[in-house]
Amino acid sequence: MFTFDDGYQSQYDNVFPLLNSYGFKGTFYVIGGSMVYKGQQHQPSSLFKKQKPNLLAGFLFLSSGDRT
């Protein structure tokens, strides 16, 4: 089991194919609201709305990340 913080699109784009090809699973700790990183607004939770089929199939796990 691998874990990933903050729920960036790049995590899914780069990591999910590798996890899937080796049969590994990952838990993604997604921040519940928007955040600003390097001057750009990000909505991490919107990524996982698109990944609902993978969540339901048990390929991905989702948990809430901290927000300060």
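Numbering (this note's numbering), first residue to last: 1 to 68.
The beta carbon of each residue, even a glycine, is placed where N, CA and C say it ideally should be.
Beta carbon of Thr77, beta carbon of Gly23: below 8 angstroms?
-> An answer regarding residue 77 cannot be provided, because it is not within the stretch 1 to 68 covered by the chain.
Terminal residues of the beta strand (DSSP E) in which Tyr12 lies | Boundaries for Tyr12: no beta strand (DSSP E) harbours it, while the alpha helix (DSSP H) harbouring it runs Gln9 to Tyr22, taken from the DSSP string.
Own chain residues within Cβ distance below 6 angstroms of Leu19, not counting five before or after = Gly26
What is the rounded straight-line gap between the Cα of Lys50 and the Cα of Ser21?
-> 20 angstroms
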